[in-house]
Each structure stands twice: as structure tokens, then as C-alpha cells.
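Visitor: Position one of the sequence shown corresponds to residue 1 (full-length UniProt numbering), numbered consecutively onward.
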Amino acid sequence: MGWGHGAHAPEAKAMYDTYREAGGNFIDTASNYQSGEAEKYLSDIISSDREDIVLATKYTMGTSASSGLQMTGNSRKAMVQSLEQSLRRLGTDRVDVFWAHVADESTPIEEILRAFDDLTRAGKILYAGLANFPAWRVATGVTLAQQRGWAPLVAIQVEYSLVERSADRELMPMAEAFGLGVLGFSPLGGGLLTGKYRRGATGRAQSSISQFLHKEDDPAKANILDALESVAQDLDTTPEGIAIKWSMSKGVIPIIGPRSVDQLTSNLAAGELDVPTRQLEWLDEVSALQLGYPHRMWPEHERTEKKRFAQP
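(1) For glutamine 34 and leucine 130, I'd like the C-alpha separation in whole angstroms.
(2) Cβ of valine 154 within 7 Å of any heavy atom in the ligand NAP?
(3) Closer than 8 Å is the cut-off here; do at least three beta carbon pairs connect the stretch 258-266 with the stretch 134-149?
(4) Is serine 161 helix, strand or coil by DSSP?
(5) My output table needs one value for asparagine 74: the three-state DSSP class, helix, strand or coil.
(6) Leaving out five residues on either side along the sequence, give the residues of the same chain with a beta carbon under 6 Å from the beta carbon of isoleucine 255.
(7) In whole angstroms, what is the alpha-carbon distance linking glutamine 206 and tyrosine 197?
(8) Alpha carbon to alpha carbon, what distance is there between alanine 22 and alanine 14?
(9) Please report the distance separating the alpha-carbon of leucine 280 from that of serine 249.
(10) Any idea what DSSP makes of glycine 36, helix, strand or coil?
(11) I need the boundaries of the alpha helix (DSSP H) containing leucine 171, first residue and last residue.
(12) By a C-beta neighbour count over all protein chains shown, 10 Å radius and 16 as the cutoff for buried, is serine 208 buried or exposed?
(13) May I ask which residues mark the beginning and end of the beta strand (DSSP E) holding alanine 9?
(14) Have a look at proline 239 and alanine 227 and give me their C-alpha separation to the nearest angstrom.
(15) Please classify methionine 61: is it buried, with 16 or more other beta-carbons within 10 angstroms of its beta-carbon, or exposed?
(16) When burial is assigned at 16 or more other CB atoms within 10 Å of the CB, is serine 210 buried or exposed?
(17) Could you pull the start and end residues of the alpha helix (DSSP H) that leucine 144 belongs to?
(18) So, helix, strand or coil for glycine 292, using DSSP?
(19) Which two residues bound the contiguous alpha helix (DSSP H) that contains valine 275?
(20) At a cut of 8 Å, does the stretch 116-132 reach the stretch 149-160 through at least three beta carbon pairs?
(21) Give the secondary structure of alanine 100 by DSSP, where H, G and I count as helix, E and B as strand, and everything else as coil.
(22) Could you have a look at proline 254 and say whether DSSP puts it in helix, strand or coil?
(23) Using DSSP bridges, identify the partner residues of phenylalanine 26.
(24) List the DSSP bridge partners of glycine 129.
(25) Between Glu11, Asp17, Ala100 and Ser166, which lies nearest to leucine 113 when the distance is taken from Cα to Cα?
(26) Quick check on the burial criterion: 16 or more other C-beta atoms within 10 angstroms. Buried or exposed for methionine 174?
(27) What did DSSP end up calling tyrosine 197 once you bin it into helix, strand or coil?
(28) Do you know offhand how far leucine 291's Cα is from isoleucine 45's?
(29) Once the 5 residues before and after tryptophan 282 are set aside, which same chain residues still bring their CB inside 8 Å of it?
(30) So is leucine 280 in contact with chain B if we call contact Cβ pairs under 8 Å?
(31) Rounded to the nearest angstrom, what separates glutamate 285 and valine 102 at their Cα positions?
(32) Hey, leucine 55 and leucine 83: beta-carbon distance below 8 Å or not?
(33) Looking only at C-alpha atoms, which of Ser287, Ile244, Arg296 and Met297 sits nearest to glutamate 272?
(34) Do glycine 181 and glutamate 164 have their C-beta atoms closer together than 8 Å?
Structure (C-alpha cells):
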């Protein structure tokens, strides 16, 4: 479960209790969510069963828009300072998964990996991963860590949903090739896949994450929503449940971001859905991404050869 853009203290505690009662134990947050307040809320809520929680947080973005240069970016200095502050806010001596939040395009991957390794050896983080990094940088990092005996990268975090499948081009096959876990945030397309905001964004809260609030602004998205609602109706369930189940069928661990207990309960129910393979394949087909060059080269070759050999 993602933690940071949702409910405040009273509702957050109720959501946490519901999540734990359902068997949930993974919580993902970041230093910049609610300017650090999300980590503080979390500290109070998880203190009694910290050892049962797999706790993940991120650095790179600072705690607010006013964070200085030394507290932002992927540098070793930013990483160490951000982690120390996160540990204090979270009231813990370690985080289980520590992410670089986004590639800053200037810090060498070697610097990031070596700092991850030092923090792992110091016992302040247990595992490291990269969020919102291009595939070539992740692949370079995995290889360097293996060659130099540094703490390995274990997972990537990407935006992934029926309306955002860009990761299919490079990130998903790269992760499979290297055995990396894939966590997908915004599995509901910022709310679009709930079916509540068709043909507009009316009613959705605008915020710093508005870039992830997808709109039904083209025929392709309309077709996806039509198919999603059709499957949900056939199975007498919700569109959001089907959308989350579809992402799970792709080998992705969806990071849900509910704002209420009711939303959380609905999201969690997705794991128990039995969606026929043919309907998952239909959703896969209607939402498929045009991979483009060079991925299209071999299929075009196959079509050319089949046509050539089919000639009398």
C-alpha cells in the first residue's frame, strides 16, 4: 500500500488497521510525501508492530519544493542526509527497501550504488531499488553491482496500468531478464479506471501528482474503459478491482493508494477475484502499446516472410 497522498491521521489509522487485518504488510512512502508528514503519521501508526512491516521509503525529491540542492537529487550526500531524516521521522533504525525516487540525469550510477552498498553494510537499509529510472540505467546498475560485489538492486518501481503501459517497451522485459521485482504505482490511472471520471476530471482532487490523473481524452482510452466496464459487469464486480487484478496478471505488484477504508477494502478485494483468462487477454489486447522501433522489426520480417512463402 502506498502511504502519503491519502487520508490524514484518524482515517489513516483505520485504513492501516484494516490493511493489517487483511494480511497486508508492505507500506511504501517517500520523504517528500506531504512534506515529510506522511512518514511522521506512519511512525505513530506502525510503532507497535514495526517488525512485522516491510517498510519502504524514497529519497531524491527532498521534503518540499524549498529543499536545498544538497537535499535533492541522487547524490551520496542527498541520499545519506535524506535517509537519516526519514529514519528519525519514521522512528526506526532501518528501512527495509530504500528507493532512489527518480533519475536526476547527472549523478553517476556508480555513486548511487556505492552509497546503497555502504548503507546496506551499515544496517540502515536492507534492500535497494530504483523508481522512475530508464531501463538502460537500471541494467547498468544491476551489472555493476554484480561485478563489484555491491548490494544488489532488487526491484524497480514504475507507473503501470491499463492506460499507462510505457514500461512495456523496455522496463518490463529488462526487469524479467534480470530477475527484478516490479512494483507499479497508480494502477487505477489516477482514478480514471474506477469509471467514476469518464470524459473529464470532475471531482478529482488536483495536486502535485496531477500528472498521473489520466483523462479519457482519446478513443483508445475510451475503448479501454468500455472493455473494463464490460468485464466488471460480466463478473458483477468493480472496474477498479478488474484493473488491479489485470496488473497483477502482468507480474506487477500494484501499489494501491486509497483515501478511505471503503476504497481500501474495494482495492484489496481485487486479489480474490477470479477473472477468466480470455477476459484478461481482451483487456491486454485493447490496452496494448505500439512498441515502435526496434521492437516492430521482427514482426514485420515475419509478416513479409509469410507473405512471400504464401505466394504460389
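Using N, Cα and C, we set each Cβ at its ideal position, and we do this for glycine too.
Guide: Taking the geometry as given:
(1) Going by the C-alpha atoms only, they are around 21 Å apart.
(2) For the ligand NAP, the structure offers nothing, since it holds no ligand at all.
(3) They do not touch, by the three-pair rule.
(4) Three-state result, serine 161: strand.
(5) It is coil, neither helix nor strand.
(6) Short of 6 Å from the beta carbon of isoleucine 255, and not among the five residues preceding or following it, lie these beta carbons of its own chain, in chain order: Gly2, Asp28, Leu183 and Phe185.
(7) A caution first: glutamine 206 carries a pLDDT of 44, below 50, which makes its placement in the model too unreliable to give a value.
(8) Distance between the alpha carbons of alanine 14 and alanine 22: 12 Å.
(9) So the alpha carbons of these two residues sit roughly 8 Å apart.
(10) Of the three classes helix, strand and coil, the one that applies to glycine 36 here is helix, per DSSP.
(11) 171-178 is the extent of the alpha helix (DSSP H) around leucine 171.
(12) For serine 208, the pLDDT reaches just 43, beneath the cut-off of 50, and the residue's location in the model is therefore unreliable, although a value from the coordinates is still provided. The residue is exposed, with fewer than 16 neighbouring Cβ atoms inside 10 Å.
(13) First-last for alanine 9: 9-21, but that is the alpha helix (DSSP H), not the beta strand (DSSP E).
(14) Proline 239 and alanine 227 have their C-alpha atoms spaced approximately 10 Å apart.
(15) Answer is buried; the Cβ neighbour count reaches 16.
(16) Any answer about serine 210 is weak, because its pLDDT of 49 lies below 50 and its placement is not dependable; what the coordinates show is given next. Of the residues assessed, serine 210 falls on the exposed side of the cut-off, its CB having fewer than 16 other CB atoms within 10 angstroms.
(17) From DSSP, the alpha helix (DSSP H) with leucine 144 extends over 135-148.
(18) Looking at glycine 292 - three-state DSSP - the assignment turns out to be coil, as it is neither helix nor strand.
(19) Segment: none, valine 275 is in no alpha helix (DSSP H) and carries neither H nor E.
(20) Taking 8 Å as the limit for Cβ pairs, the verdict is that the stretch 149-160 does touch the stretch 116-132.
(21) Strand.
(22) Correct three-state label for proline 254: strand.
(23) For phenylalanine 26, the beta-bridge partners assigned by DSSP are Val54.
(24) Partner(s): Trp99 and Ala155.
(25) Ranking Glu11, Asp17, Ala100 and Ser166 by Cα distance to leucine 113 puts Ala100 first.
(26) Answer is buried; the Cβ neighbour count reaches 16.
(27) The answer is coil: DSSP assigns tyrosine 197 none of H, G, I, E or B.
(28) If you take the alpha carbons of leucine 291 and isoleucine 45, they lie about 43 Å apart.
(29) The beta carbon of tryptophan 282 sits closer than 8 Å to those of Ala227 and Val231, all from its chain and outside the five residues before and after it, given in chain order.
(30) Looking at the structure shown, chain B is missing, and only one protein chain is on hand.
(31) Approximately 30 Å between the Cα atoms of the pair.
(32) No, the Cβ-Cβ distance between leucine 55 and leucine 83 is not below 8 Å.
(33) Ranking Ser287, Ile244, Arg296 and Met297 by Cα distance to glutamate 272 puts Ile244 first.
(34) It is not a contact, given that the beta carbons lie outside the stated cut-off.
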